[in-house]
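S.K.: First the structure, which I've put down as structure tokens, then a few questions once you've had a look.
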Amino acid sequence: MKDYRKAKKSVDVSVGESVRILRELQEMSQNELSELTGIPQSTISAIENDRVNLGVERAKILARALKCHPAVLVFPGWDVRQESAA
1 MKDYRKAKKS
11 VDVSVGESVR
21 ILRELQEMSQ
31 NELSELTGIP
41 QSTISAIEND
51 RVNLGVERAK
61 ILARALKCHP
71 AVLVFPGWDV
81 RQESAA
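The numbers in the sequence shown follow this note's numbering, run straight up by one, and end at 86.
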């Protein structure tokens, strides 16, 4: 267990903001993401505005389209990098 350390919160980003940030970094519109995922654009908008919970299945679908791990979307802002041995 010595290889693990507790994650620390590094920034305050909501789940919806993490989806929007990743989508925008890839220069993708909500409509394009909708086409890739089959999730209605209105639902993507609601997720990005934190009006609808992301949920595990949608997180998996969106993560695949956004080329990231689902945890990046579900647990935004957590620093889980391995510290170097001192």
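C-beta: ideal position from N, C-alpha, C; glycine also. Just so you know, these numbers come straight off a predicted model, no measurement behind them.
Please go through the same chain and pick out, in chain order, the residues whose beta-carbon is closer than 7 Å to the beta-carbon of residue 34, but skip the five residues on each side of it.
M.R.: If we look at residue 34 and ignore the five residues flanking it on each side, its Cβ neighbours are 40, 41 and 44.
S.K.: Looking at the secondary structure, which residues open and close the alpha helix (DSSP H) in which residue 42 lies?
M.R.: It spans 41 to 48 - the alpha helix (DSSP H) in which residue 42 sits, taken as one unbroken run.
S.K.: Taking the alpha-carbon positions, what's the residue 37 to residue 65 distance?
M.R.: The straight-line gap from Cα to Cα measures roughly 7 Å.
S.K.: Within 8 Å of any Cβ in chain D, is that where the Cβ of residue 22 sits?
M.R.: Checking the listed chains, one finds no chain D in this structure; it contains a single protein chain.
S.K.: Report all residues from its chain with a CB closer than 7 Å to the CB of residue 49; omit the five preceding and five following residues, and keep chain order.
M.R.: Cβ within range, chain order: 16.
S.K.: Let's see if you can read the secondary structure: which residues bound the alpha helix (DSSP H) around residue 30?
M.R.: Here the alpha helix (DSSP H) through residue 30 covers 30 to 37.
S.K.: Using the C-alpha atoms, what's the distance from residue 3 back to residue 55?
M.R.: Answer to the nearest angstrom: the Cα atoms are 30 Å apart.
S.K.: Check whether the Cβ atoms of residue 72 and residue 18 sit closer than 8 Å, and answer yes or no.
M.R.: Result yes, Cβ atoms of residue 72 and residue 18 sit closer than 8 Å.
S.K.: Could you give the DSSP three-state label for residue 19: helix, strand or coil?
M.R.: The answer is helix: DSSP assigns residue 19 an H, G or I state.
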